[in-house]
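Those letters in the sequence shown? Residues 224 to 616, by the working numbering. These notes concern the structure reproduced below.
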Amino acid sequence: MHSSPRFHYIDNLRSLALLLGVVFHAALAYGPYFSNIWFTADPSKHVAFEYFAIWSHLFRMPLFFAIAGFCAALLISKRGGNAFISNRLKRVFLPFVIFFPLTMLVLIHALGWGAEIVHEKPGLFTIFQSVDEPLISTMHLWFLWNLTQFCCIIWLLQKYTQVYQSILAFVVRPLFLGVALPVLLTLAMHQQLVPFPAPDKLYPQLWSYGFYGILFLIGAGLYHHHTRVEQYARYFTPLLILACVSLLPYFYLMDPPPSIETIIRAANTGDMTPEHINLYAVLAQSVAIVSWTGVAFLAGYKWLNQYSQLNKYMSDASYWIYLIHVPVLMYIQFPLSNTTLPLLLKLVISVTTTLAIGLVGYQLLVRHTWIGVLLNGKKAKPSTSPQQAESMS
Numbered sequence: 224m225h226s227s228p229r230f231h232y233i234d235n236l237r238s239l240a241l242l243l244g245v246v247f248h249a250a251l252a253y254g255p256y257f258s259n260i261w262f263t264a265d266p267s268k269h270v271a272f273e274y275f276a277i278w279s280h281l282f283r284m285p286l287f288f289a290i291a292g293f294c295a296a297l298l299i300s301k302r303g304g305n306a307f308i309s310n311r312l313k314r315v316f317l318p319f320v321i322f323f324p325l326t327m328l329v330l331i332h333a334l335g336w337g338a339e340i341v342h343e344k345p346g347l348f349t350i351f352q353s354v355d356e357p358l359i360s361t362m363h364l365w366f367l368w369n370l371t372q373f374c375c376i377i378w379l380l381q382k383y384t385q386v387y388q389s390i391l392a393f394v395v396r397p398l399f400l401g402v403a404l405p406v407l408l409t410l411a412m413h414q415q416l417v418p419f420p421a422p423d424k425l426y427p428q429l430w431s432y433g434f435y436g437i438l439f440l441i442g443a444g445l446y447h448h449h450t451r452v453e454q455y456a457r458y459f460t461p462l463l464i465l466a467c468v469s470l471l472p473y474f475y476l477m478d479p480p481p482s483i484e485t486i487i488r489a490a491n492t493g494d495m496t497p498e499h500i501n502l503y504a505v506l507a508q509s510v511a512i513v514s515w516t517g518v519a520f521l522a523g524y525k526w527l528n529q530y531s532q533l534n535k536y537m538s539d540a541s542y543w544i545y546l547i548h549v550p551v552l553m554y555i556q557f558p559l560s561n562t563t564l565p566l567l568l569k570l571v572i573s574v575t576t577t578l579a580i581g582l583v584g585y586q587l588l589v590r591h592t593w594i595g596v597l598l599n600g601k602k603a604k605p606s607t608s609p610q611q612a613e614s615m616s
């Protein structure tokens with residue numbers, strides 16, 4: 224009997240993407256572009272943080288959805304469709320239902336506390352005062368809500384085996400990834416701001432299906448046709464060059480920061496359609512997304528496909544850290560905004576403190592409790608379980 228293949232790089236990529244997410248959300252406070260659209264915008268700003276955040280935004284969540292699709296196909300293959308959807312409802316949808324109201328309450332408290340202690344209020348506080356009845360946002364938990372929808376779709380799709388296998392084989396072909404995918408992403412996001420916003424509404428947002436949904440299917444296809452990953456890894460260097468070059472038109476054509484009026488309108492109506500749609504900017508963004516997501520995935524395959532206890536621990540802890548990191552960052556960055564510390568030091572303090580709180584909380588409150596079972600499932604014996612990412616992803 225052949226042992227199950229172990230895709231250690233999937234777990235390791237997820238852990239690094241999570242870490243990058245903490246740095247990304249921390250950096251939003253210090254970039255000029257985000258001064259009117261982020262809760263903890265600092266009075267001091269530097270464009271370097273802006274470029275870092277916008278660059279990492281190109282591939283961080285697309286990579287998460289590709290990983291999620293990979294793990295979905297793995298679970299369906301190992302356990303069958305019904306066991307898969309049962310697992311996803313318990314590991315993805317149920318945590319969303321539990322943590323969504325809790326996170327909302329904590330965020331409301333953090334915002335109220337921040338408004339009282341900061342010396343200079345971020346622009347978003349002024350915008351809040353101009354909003355009539357803002358639409359409910361799923362905040363950073365939008366990933367879980369969208370992922371639940373995609374899991375339901377692939378569960379239905381896998382019931383039609385021939386169609387399912389044909390689609391997964393098609394979406395990993397070179398012509399699709401290199402030509403059709405940038406076009407499809409452009410069509411899906413042609414009415415969205417550049418950089419693209421989060422699909423954080425409670426109702427389904429079709430553009431997310433055409434963006435993240437396709438990447439989810441590509442991830443599933445890469446599991447079933449893993450030799451494609453080996454083939455594409457040979458072209459890592461040209462792809463990296465393309466990705467770097469793609470940043471030039473992307474940053475050049477990128478929309479200016481949304482005006483306060485646009486943000487108020489979006490908060491009241493949920494409409495984030497830009498006043499002037501620049502298709503060239505959307506296309507440049509799509510090419511950058513495809514190339515940088517490919518670079519990140521292949522880099523993981525080439526250099527992160529090994530097991531270590533630390534990586535496994537971080538992979539298990541990453542779900543918990545993802546759930547709590549935005550509120551924790553707010554409690555840290557509001558008081559930091561009153562200091563004159565260098566911005567880089569503020570970023571380091573924000574990230575390291577958030578990760579420390581997350582890891583201590585995971586060890587003491589989650590790992591050996593019912594919360595750990597909810598998020599990561601029951602621990603199997605190391606000698607018998609393939610080390611796979613089967614929780615949040």
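Ideal Cβ positions, reconstructed from N, Cα and C, are used throughout, including at glycine.
Determine the direct distance from the alpha carbon of residue j to that of residue i, and round the result to whole angstroms.
i	j	result
Ala-296	Ala-443	5 Å
Ala-249	Arg-396	37 Å
Ala-240	Phe-287	7 Å
His-231	Glu-343	46 Å
Leu-380	Thr-460	35 Å
Thr-496	Glu-484	12 Å
Lys-382	Leu-588	39 Å
Arg-451	His-280	25 Å
Thr-298	Gln-372	Looking at the sequence shown, residue 298 is not Thr but Leu. The straight-line gap from Cα to Cα measures roughly 16 Å.
Met-477	Lys-301	43 Å
Ala-252	Met-327	20 Å
Ile-376	Leu-566	44 Å
Ala-489	Leu-425	15 Å
Tyr-256	Ile-572	22 Å
Tyr-473	Thr-562	34 Å
Leu-438	Leu-564	40 Å
Val-513	Phe-272	22 Å
Ala-276	Val-341	23 Å
Leu-440	Glu-339	46 Å
Tyr-545	Tyr-585	11 Å
Val-596	Ala-507	42 Å
His-499	Gly-292	34 Å
Leu-358	Gln-529	44 Å
Ala-522	Ile-547	28 Å
Identify, in the order they occur along the chain, each residue of the same chain with its Cβ nearer than 7 Å to the Cβ of residue i, setting aside the five sequence neighbours on each side.
i	result
Val-505	Thr-409, Met-412, His-413, Val-417
Leu-582	Ala-540
Ala-612	Bear in mind that a pLDDT of 46 at Ala-612, under 50, signals an unreliable position, so the number given afterwards is only what the model happens to contain. The residues are Ile-233, Asp-234, Arg-237, Ile-290, Cys-294, Ser-538.
Phe-323	Thr-361, Leu-364
Lys-525	Ala-456, Phe-459
Gly-304	Trp-378, Gln-381, Lys-382
Ala-333	Pro-550, Met-553, Tyr-554
According to DSSP, is residue i helix, strand or coil?
i	result
Ser-573	helix
Met-327	helix
Leu-527	coil
Phe-419	coil
Glu-498	coil
Trp-261	coil
Glu-484	helix
Val-341	coil
Leu-281	coil
His-248	helix
Arg-457	coil
Pro-266	coil
Ile-359	coil
Tyr-426	coil
His-548	helix
Check the C-beta distance from residue i over to residue j and give it rounded, since I have them as a contact under 8 Å.
i	j	result
Gly-244	Phe-557	Not quite, the Cβ-Cβ distance comes to about 20 Å (not below 8 Å), so this is no contact.
Trp-365	Pro-422	6 Å
Ala-511	Ser-469	4 Å
Met-311	Cys-374	Sequence check: residue 311 is Arg here, not Met. Rounded, the Cβ-Cβ distance is 4 Å, consistent with contact.
Val-574	Val-270	Not really, about 19 Å apart at Cβ, beyond 8 Å.
Ser-509	Pro-405	4 Å
So, for residue i: in the same chain, excluding its five sequence neighbours on each side, which residues have a beta-carbon less than 8 Å away from its beta-carbon?
i	result
Ser-258	Ala-264, Lys-268, Pro-345, Gly-346, Pro-480
Leu-502	Thr-409, His-413
Trp-430	Ala-411, Met-412, Gln-414, Gln-415, Pro-422
Phe-399	Phe-393
Ile-350	Asn-259, Ile-483, Ile-486, Ile-487, Ala-490
If you drop the 5 nearest sequence neighbours on each side, which residues of the same chain put their C-beta closer than 6 Å to that of residue i?
i	result
Val-551	Thr-577, Ile-580
Lys-569	Leu-559
Leu-637	Residue coverage of the chain in this structure runs from 224 to 616, which leaves residue 637 outside it and unanswerable.
Ile-308	Trp-378
Compare the C-beta of residue i against all C-beta atoms of chain B and say whether one is closer than 8 Å.
i	result
Asn-561	Absent here is chain B; the protein component of the structure consists of one chain.
Discussion item. Closer than 8 Å is the cut-off here; do at least three beta carbon pairs connect the region 436-456 with the region 376-396?
Written reply: yes
Discussion item. Closer than 8 Å is the cut-off here; do at least three beta carbon pairs connect the region 507-518 with the region 451-467?
Written reply: yes
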